[in-house]
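Read the structure below first, then the notes.
In the numbering used here, the protein residues as written are 1080 to 1256.
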């Protein structure tokens, strides 16, 4: 019994030490970025990122709830193009994403406002660069994290990597046809 208590105590101590180190080591700014090269010209890739409806054709988070309510507002392919989602599934939650900047054929910048299951805000950029007959796509997200969320950063990196990989796989399937 003493051995089990020592193991449990050791695990608790490790968690406390890790938590303190994470809170001190990680800043409040969180940045995640991933890049892929797609075998398609830039204009074909641009068609899939220049509007919120096109973005949602390959957006990995749209698959979290097939019954999710989605509404679009604004003019497609212009600053202000926006969609809001509302799901009973806490993995999807509720929020809005709006185009804040478009540089035709090169960059889409959006702002995301999360309402549920937690409140927050993030900025996302998708940047296209020609590489011969292919296109390099760099997708990033920036947000500020509450102190308690810093503990989750390694797990968040892992989950973001999975989601971005899925999104890139979906995008490649659409444009490499």
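We put the beta carbon where it would ideally sit given N, CA and C, even for glycine.
Here the structure is a predicted model, which means the values were calculated and not measured.
Item	Value
For residue 1096 and residue 1256, I'd like the C-alpha separation in whole angstroms.	Any answer about residue 1096 is weak, because its pLDDT of 49 lies below 50 and its placement is not dependable; what the coordinates show is given next. Going from the Cα of residue 1096 to the Cα of residue 1256 covers about 50 Å.
Cβ of residue 1127 within 7 Å of Cβ of residue 1254?	yes
Between the C-alpha atoms of residue 1144 and residue 1162, what's the straight-line distance to the nearest angstrom?	15 Å
Could you tell me which of 1173, 1193, 1244, 1201 sits nearest to residue 1179, measuring between CA atoms?	1201
How should residue 1183 be labelled, buried or exposed, when 16 other C-beta atoms within 10 angstroms of its C-beta is the threshold for buried?	exposed
Under three-state DSSP, which class holds residue 1234?	helix
Distance, Cα to Cα, residue 1125 vs residue 1153?	19 Å
In chain order, what residues of the same chain have a beta carbon less than 6 Å from the beta carbon of residue 1042, not counting five sequence neighbours either side?	Summary: the structure shown does not reach residue 1042, with the chain confined to residues 1080 through 1256, and so no result is reported for it.
Suppose you measure from the CA of residue 1194 to the CA of residue 1140; what does that come to, to the nearest Å?	15 Å
What does the alpha-carbon distance come out to for the pair residue 1237 and residue 1122?	31 Å
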